[in-house]
Amino acid sequence: MAQTSVSEIGMQPKIANYTSFSPSPSPIISSELDLKTQEAFKSHPEYGINPYNTQCSDCIELIDRRTDSSRYFIKNGSNGSNFFVQKGFAPLHFKNTNNQLISIDARLKPHPFTANKYYAPNQQMPTSYNSINGNTSILLSQFELIFNKNNKVYHVINNSENIIFGNGNLASTTIGEDGAKTTGIWQGIDRTILFDRGSVKTNYILNASPNLPNSLGWLAFEDEITLPIGYKIFKDTLEGGVYTPEGYWNGELIIINMSNGLEVGRIGNPLVYDSNEQKASSHLTAYRIKYSGNTYFLQVMVKASWLMDINTSYPVTVDPLISGTNTWSAGNIGFKNYNPGNGFAGIHPHGV
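According to this note's numbering, the sequence shown holds residues 188 to 539 in order.
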């Protein structure tokens, strides 16, 4: 009798790997797999290789039965009478240039030709990390979005900023398939960068209360993002968000293609939490953006009064997320054309 087990793939918490990479698997072609697979699929690059997140053991995938969001496995030696179906809430595969369904794999691996580059090519929007300068990127269909560039830390009070730390020290960085961890990127501050499908999450971890002259204003982590001509960053007023009393934006940001009004990328509302909190908070954070031409200086800010409060328990984590906008997700949740109005995000640097 056939046995079916259905697994819904969702977000599952795990310990991030910042130190090592999984070896590339070799195909195992059994006589059973050869018999059960259509001839046209035997040239598939993943024929005989189970995806890394396969949830059955002693099984092999019949690759000709793949769909965008499902996989079909048979138990070894069962002649197909025992099988296992793996399904995902989101697509498990994307089509390559040969129109083959390839497993989505957001894990980093060393680039075969470029030293000091780590990348995750098997997804709709490939991501990468540069270990020389700490830059990260998401390859959108329109352009490569590069960020985590020229990071700095400021103390901001009423649009007046004083630099606390210049470009970070990457000397104590380890890299693994889930991302990169830098210990002491600035004094008392660590940074982790986590990679997922078409997205990059950068965490700033403050190990102690910052040494600021007072508790006024905000502690700001600055990133530099340059967009191609014809693209701009807007405040996503359609999805909520509010202005702080100083006029900063507490909400999400979106990257818009001005030629058609479509969203191509999204910068999530930053979260912050201390070591005692089970749930992250966004009401203590905001965005402040300066720009010069098409270069944006994006500051993720946290209220200094909360950071210096004796009741705040360290370490504290500041947690922004940058992602591309998938065509499949846009179809699922109904993205529509964005009509740029007063949501343009930016303060000219000379007017800070």
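Ideal Cβ placement from N, Cα and C applies to all residues, glycine included. Note that the coordinates shown come from a computational prediction; the quantities given were computed from them, not determined experimentally.
Spatial distance of residue i from residue j (CA atoms)
| i | j | result |
| --- | --- | --- |
| Val429 | His470 | 10 Å |
| Thr361 | Leu381 | 12 Å |
| Thr206 | Leu295 | 11 Å |
| Ser177 | Glu433 | There is no way to answer for residue 177, as the model of the chain reaches only from 188 to 539. |
| Tyr306 | Arg384 | 12 Å |
| Tyr483 | Ser359 | 28 Å |
| Ser500 | Gly404 | 20 Å |
| Asp221 | Phe281 | 24 Å |
| Asn463 | Thr504 | 11 Å |
| Lys201 | Gly366 | 13 Å |
| Phe228 | Arg253 | 11 Å |
| Arg378 | Leu458 | 15 Å |
| Thr370 | Glu226 | 51 Å |
Nonlocal neighbours in the same chain, by C-beta distance under 8 Å from residue i, ignoring five residues either side
| i | result |
| --- | --- |
| Met624 | Since the first and last residues shown for the chain are 188 and 539, residue 624 lies out of range. |
| Pro627 | Any question about residue 627 goes unanswered here, given that the chain covers just 188 to 539. |
| Met445 | Gly417, Tyr418, Lys419, Pro527 |
| Gln287 | His231, Pro232 |
Cβ-Cβ distance between residue i and residue j below 8 Å
| i | j | result |
| --- | --- | --- |
| Val487 | Pro502 | no |
| Gly452 | Leu327 | yes |
| Ala491 | Leu425 | no |
| Ile441 | Phe334 | no |
| Phe208 | Glu364 | yes |
| Leu485 | Ile372 | no |
| Thr284 | Asp251 | no |
| Thr512 | Glu450 | yes |
Residue i: CB within 7 Å of a non-hydrogen atom of the ligand PLP
| i | result |
| --- | --- |
| Asn356 | By its list of ligands, the structure shown contains no ligand whatsoever, and the ligand PLP lies outside what it can speak to. |
Residues of its chain near residue i, where Cβ-Cβ distance is below 7 Å and the 5 sequence neighbours each way are ignored
| i | result |
| --- | --- |
| Asp245 | Lys262, Asn263 |
| Asn309 | Ile289, Ser290, Ile291, Asp292 |
| Lys339 | Ile350, Phe352, Gly353, Asn354, Glu409 |
| Ile215 | Gly235 |
Proximity test, Cβ basis, 8 Å: residue i and chain D
| i | result |
| --- | --- |
| Ser211 | Within the model displayed, chain D is absent; a lone protein chain is all it includes. |
Residue of the options minimising C-alpha distance to residue i
| i | options | result |
| --- | --- | --- |
| Val272 | Ile216, Lys304, Glu248, Lys282 | Glu248 |
| Val489 | Gln287, Ala473, Pro212 | Ala473 |
| Glu348 | Arg475, Thr379, Ser213 | Arg475 |
| Gly455 | Glu233, Thr284, Asp423 | Asp423 |
| Lys304 | Asp377, Glu226, Ser324 | Ser324 |
| Lys368 | Gln374, Tyr391, Ser386 | Tyr391 |
| Ala302 | Ser318, Lys274, Asp461 | Ser318 |
| Asn240 | Lys274, Ser386, Glu219, Lys388 | Lys274 |
| Ile443 | Leu458, Ser257, Leu332, Ser217 | Leu332 |
| Ile344 | Phe276, Tyr435, Val459 | Tyr435 |
| Ala203 | Lys388, Tyr460, Leu458, Asn337 | Lys388 |
Cutoff 6 Å; reference residue i; Cβ partners in own chain excluding five residues on either side
| i | result |
| --- | --- |
| Gly375 | Asn394, Ala395 |
Can you list the beta strand (DSSP E) stretches of 3 or more residues lying completely in the segment 380–421, in chain order? 386–393, 405–413
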